[in-house]
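Below is one structure; the comments refer to it alone.
Protein chains in written order, with this note's numbering: chain A, 5 to 423; chain B, 5 to 423.
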């Protein structure tokens, strides 16, 4: 279809069964103990000039009949490893049959395999795969997402990965941000300490040559330590970049206090979070990024997400899209896994995949919630949000807007658009 | 697009990366200890007159470039509860937050809620919902499926449900069969014994007025007993209908020996299968129908699927699509859940969702495997089958054929069709 909505148009969505909005306090996030304050009243939504202009009916160039539908913010995928090259499906088959990480590494698997694939692939090939995944993510309702480097495993490799992320931003329909995951695995020929020296000398080029807004590290027995996390925290503060970290995934390392001490924006995974670290995390402005897709696919423990939410943490959900531990890109599926594993409500899950996810990637002022003046990034879903986790695998997205522009519409939905 | 393929056409699929075929012994099923004998060699596939005519290149009216793709049999969903009315999303939210079955029942949930919804809904409404789900199933690759009654909960209600299943068969693109699940829950006002008397007197009308080919029963502490299963087995034998049964789902009842004694075609669920019943089941021609979607959504135990496969059982996979315990319709998702939970290979899962599923519903002579003379029910997938469980939530179906007719094609796939 020719696009019936451009950012300049005035659009009014009417008759929705639910419009999901935060309470009226204008905070940059909503702590999960306040999720019950989400508002669901079926107000009309008017978009003008690409932003949310009013929650009232107005004269509009385009009217959309949202009967029976939910209107929610566009999903924000705040933890992905795009762009990457190729897949590791064979490794997954070994993994589910019980092969150990060592066996998989010996069979040529793991991060090293994806690093080799990235090094071998041309830029166009990497971008083509990532663009195709971004299109798929859009069809599942993702209107903003994070990219990470991390498969470069050399100074030049990491810079190339970040440049590819910047190029991807120009290719895709979504808003993106990029994170320099400079400490993902210890590159061959380095000790972890020596690689951190390399990271330090790399940082000026990251700042000059790329659009990265955050630094990231993987703290795990097979990767980096809490000492390295502390060092990266200092480097991030010096460089004016946000600090993020992969922590407590397969083993408990008490990394969360270190992350909090260094003002991390997020701690991601948390399947092995130490009970004593839960309250301090919940009291902080550091988000708990939960990745139930990775938990399921990599057979991790379940993060204490119910407890984090009850304690008032800023919880976020993401796909962790990557070719190893979480080769999935659908946030509705992640919401389904989260609700089942965590005992969350649909509202808690939607909050975690929108408003709080926008906080994680630093775009909370622009997007992530349906508030007047924010970018009109929103989805029309085919049913109230309680159906999102319940109809596991179903795609409920009828239409996706970013900045008031209709980016995606399901084929059977055209009749709702009265141009 | 106008349909480029009609049953009369000769079609040739060439250059596929994989074509999934059984060994050449022509058996009506493939026991899972022989799954490694599946053949994957990339032969051309020629379709003529709606059937598979040759595994060789031929002159064809339509040539399809299957480069990089897998060609697999159309998925057969051998256990669904279609047609049903409405959904029970609110109940699911109670369930994940830890509400007991009793609490859910008191809140108006459970089978009784779906029975009330079915009774209140007009035929057109029920058929409209089921047709919409069937279309969604087709887009996920399901070219044949089973329907069940069971939400009638009265003699007339069950007959209506079976008549609706027969009408649905005429509405949908897929091949369907219907099963009379006459003993699903004990209807209000009856004892289980008294309801079985009613079932017995209902059977002549089921045979005369409906197309049902099987009888089914739910054996569980809250439903029917092994004695009722034995009685239904005798009734099925007398009526010339197949016997199927929901057993060992939430509690262990040692129902499998009773089912085997009565020549059941399948035993479904099996999360609580007794270890002593595994070998006799595996040695029989009774299929083990595994429902990992229901296991996940209803927080059941995991069926001993790896052990059943190793012991040579005829394993099948299905969605159990229903508004209570398993509101999902995607067999690729079920394959993903199965491989992760069961430690199965992708080949084992595809076998269970095609060839052995066709055996369960008695259509094994016509469909379920890529063999010469069988109906050309097949799928073009966008990658080798190892990607099916690995890319959880992704829809790999580029095109779906039933009896040589192109029923579904993904929008970006047209270039592969050289008409």
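Virtual Cβ for every residue (Gly too), placed ideally from N, Cα, C.
For residue i, which residues in chain A fall below 7 Å Cβ to Cβ?
| i | result |
| --- | --- |
| residue 102/B | 347 |
| residue 343/B | 100 |
| residue 390/B | 93, 94 and 97 |
Under 7 Å from any heavy atom of the ligand MN, does the C-beta of residue i make it?
| i | result |
| --- | --- |
| residue 216/A | Among the components of this structure there are no ligands whatsoever, and the ligand MN is therefore not found. |
Compute the Euclidean distance between the alpha carbons of residue i and residue j, then round it to the nearest angstrom.
| i | j | result |
| --- | --- | --- |
| residue 77/B | residue 372/B | 6 Å |
| residue 302/A | residue 397/B | 15 Å |
| residue 37/B | residue 342/B | 16 Å |
| residue 141/A | residue 250/A | 22 Å |
| residue 5/A | residue 411/A | Confidence at residue 5/A is low in this model, with a pLDDT of 35, below 50, so its placement is unreliable and no value can be given for it. |
| residue 90/A | residue 212/B | 56 Å |
| residue 391/B | residue 329/A | 14 Å |
| residue 262/B | residue 285/B | 11 Å |
| residue 274/A | residue 305/A | 9 Å |
| residue 190/B | residue 88/B | 18 Å |
| residue 112/B | residue 375/A | 36 Å |
| residue 288/A | residue 197/A | 29 Å |
| residue 264/B | residue 290/B | 7 Å |
| residue 296/A | residue 332/A | 11 Å |
| residue 283/A | residue 312/A | 8 Å |
| residue 173/B | residue 181/B | 8 Å |
| residue 395/B | residue 119/B | 36 Å |
| residue 160/B | residue 204/B | 14 Å |
| residue 106/A | residue 281/B | 36 Å |
| residue 43/B | residue 269/B | 26 Å |
| residue 200/B | residue 232/B | 7 Å |
| residue 149/B | residue 364/B | 11 Å |
| residue 237/A | residue 338/B | 42 Å |
| residue 407/A | residue 353/B | 42 Å |
| residue 229/A | residue 345/A | 29 Å |
| residue 183/A | residue 74/B | 36 Å |
| residue 98/A | residue 101/B | 34 Å |
| residue 382/B | residue 358/B | 10 Å |
| residue 31/B | residue 39/A | 56 Å |
Please list, in chain order, the chain B residues whose beta carbon lies closer than 9 Å to that of residue i.
| i | result |
| --- | --- |
| residue 395/A | 91, 93, 331, 332 and 333 |
| residue 337/A | 337, 396 and 397 |
Could you tell me which chain B residues have their CB closer than 7 Å to the CB of residue i, listed as they occur along the chain?
| i | result |
| --- | --- |
| residue 36/A | The premise fails here: residue 36/A is roughly 14 Å from chain B at the closest Cβ pair, so nothing lies under 7 Å. |
| residue 350/A | 97 |
Less than 8 Å between the CB atoms is what I'm expecting for residue i and residue j, so what's the real figure, rounded?
| i | j | result |
| --- | --- | --- |
| residue 400/A | residue 416/A | Not quite, the Cβ-Cβ distance comes to about 13 Å (not below 8 Å), so this is no contact. |
| residue 138/A | residue 176/A | 4 Å |
| residue 187/A | residue 222/A | 6 Å |
| residue 377/A | residue 56/A | 7 Å |
| residue 151/A | residue 86/A | 5 Å |
| residue 321/A | residue 356/A | 4 Å |
| residue 24/B | residue 389/B | 6 Å |
| residue 325/A | residue 84/A | 4 Å |
| residue 34/B | residue 314/B | That belief does not hold up - the Cβ atoms of residue 34/B and residue 314/B are roughly 14 Å apart, past 8 Å. |
| residue 248/A | residue 216/A | Between residue 216/A and residue 248/A the Cβ distance is about 11 Å, and since that is not below 8 Å, they are no contact. |
| residue 206/A | residue 171/A | That pair is no contact at about 19 Å. |
Would you verify that the beta carbon of residue i is, or is not, closer than 8 Å to some beta carbon of chain E?
| i | result |
| --- | --- |
| residue 199/A | Protein chains A and B are contained in the structure displayed, whereas chain E is not. |
Just to confirm the assignment: which complete beta strand (DSSP E) runs, minimum length 3, are found wholly within the stretch 174-215 of chain A?
179-187
Curious, which full-length beta strand (DSSP E) runs of at least 3 residues does the stretch 333-413 of chain A contain?
382-385, 401-406 and 409-413
What alpha helix (DSSP H) runs, 4 residues minimum, are completely inside the stretch 79-121 of chain B?
93-100 and 105-110
Which residues, taken in chain order from the stretch 294-316 of chain A, show a beta carbon closer than 8 Å to some beta carbon of chain B?
297, 300, 301 and 303
To be precise: take each residue of the stretch 40-73 of chain B, compare its Cβ to all Cβ atoms of chain A, and keep it if any distance is under 7 Å. Which residues remain?
none
Can you check the stretch 133-175 of chain B for any beta strand (DSSP E) of at least 3 residues that lies completely inside it and give the ranges in chain order?
146-152
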